[in-house]
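What follows is one structure encoded as structure tokens, with my remarks underneath.
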Amino acid sequence: ARVARRLSAVGVAPLIWTDSHCHLQEPLLAEAELEAMFAAAAGAGVGRMICVGTGLDTSRAAVAVAARAAASVPAVWATVGLHPHEATDGLEPVAALLRSLAGTPTPAGTPPQPRPPGSVVGVGECGLDYYYEHSPRATQREVFAAQVALADEQGLALVVHTREAWDDTLAILAEVGPPDSTIIHCFTGGRDEARRCLELGAYLSFSGIVTFKSAGEIREAAVLCPDDKLLVETDSPFLAPVPHRGRPNEPAFVAVVGEAVAALRKVPAGALGELTTANAVRAFGLAEPVAPAEPAPTPPRG
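Last residue of the sequence shown: 306 (my numbering), numbering continuous.
What follows is the structure, encoded as structure tokens:
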């Protein structure tokens with residue numbers, strides 16, 4: 005990929021950060037725009053990104069972006085899922101897409117093999133949204149429960165969206181059985197919600213909201229979260245962190261989110277970047293990206 009070659013030539017910051025949730029396909033960018041975004045992310049030390057689907061079309065696009073950027077810096081993986089806003093569209097087309105891409109599920113008791121860049125590594129973004137209620141609550145619950153089971157069937161991570169629906173979200177996870185890797189994306193609860201999620205074994209992923217003045221309870225949860233369950237994300241192009249509010253978010257800004265969480269936890273930002281990346285690698289089953297080849301030396305003239 006041209007991105008990899010160009011960044012290899014100019015050098016990048018140490019790649020310590022992982023954006024565990026972004027929407028690079030919303031909108032789908034032209035090659036030059038994607039290259040610029042990747043260069044900015046690499047310059048901020050971002051080495052990995054998870055491009056998240058929210059319906060059939062956006063999931064297909066997420067897979068296309070991940071495949072297109074499989075040899076780039078940062079490396080990209082994809083998820084396939086149905087957002088609660090789109091629950092009335094029906095899960096079957098999305099489930100069929102996922103099964104066609106995810107490969108043969110790992111047999112029970114067999115350690116899963118790490119998935120290379122460009123692979124599908126999760127089901128979601130799925131869950132419940134009782135704030136907007138673009139789909140009836142009963143339909144949301146049915147479709148969410150089916151995706152919890154689908155993630156377990158396929159041996160993939162589950163990426164959960166929940167807004168004003170904590171009780172039902174956690175009840176469904178407990179009833180169906182949370183997959184080994186369950187990620188509460190863009191965590192917006194407080195200490196009590198954090199503890200309830202952690203009791204189910206979930207990871208908590210913190211976004212730019214943690215930098216907002218009104219987010220005191222979320223900051224408390226970011227401090228409470230155990231080291232091995234902590235993730236950071238952008239949810240780009242949404243929810244840009246302070247001081248970038250008012251402009252489209254982008255994966256480079258995950259370093260800003262991470263630095264804010266590190267300050268709250270009173271640890272060096274670099275250490276938190278390495279910690280959250282190790283957690284993302286484990287949660288999503290990411291293989292180590294292949295280092296881009298160094299450009300061939302230019303032969304002397306004459």
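Using N, Cα and C, we set each Cβ at its ideal position, and we do this for glycine too. Everything numeric in this text was worked out from a predicted model, so none of it was measured.
Looking at Pro18, Ala46 and Arg64, the one whose alpha-carbon comes closest to that of His27 is Arg64. Ile188 sits in a strand when the DSSP states are folded into three classes.
In the DSSP assignment, the residues bridged to Val84 are Val127.
DSSP, read as helix, strand or coil, puts Phe148 in helix. Between the region 243-262 and the region 44-53 there are three or more C-beta pairs closer than 8 Å, enough to call the two in contact. Shortest Cα-Cα distance from Val125 to any of Ile54, Pro272 and Asn283 involves Ile54. Across the structure, Leu204 and Lys233 are spaced so that their CA atoms are roughly 11 Å apart.
Its chain contains Asp156 as the residues whose beta carbon lies nearer than 7 Å to that of Gly181, once the 5 sequence neighbours on both sides are disregarded; these appear in chain order. Excluding sequence positions up to five before and after Gln144, its CB lies within less than 6 Å of the CB of Pro88, Ala91 and Leu132, all in the same chain and listed in chain order.
Gln117 carries a coil assignment under DSSP once its states are collapsed to helix, strand and coil. The three-state reading of DSSP puts His89 in helix, counting H, G and I together. Residue pairing from DSSP places Tyr207 in a beta bridge opposite Ile187.
Annotation: the continuous alpha helix (DSSP H) that includes Ala45 extends over Glu35 to Gly47.
Put simply, the region 243-251 does not touch the region 218-228. Fewer than three CB pairs are less than 8 Å apart.
With a cut-off of 8 Å on Cβ pairs, the region 286-294 is not in contact with the region 268-278, counting fewer than three such pairs. DSSP lists Gln29 as the bridge partner or partners of Leu32. The C-beta distance from Val265 to Leu276 rounds to 6 Å, short enough to fall under 8 Å.
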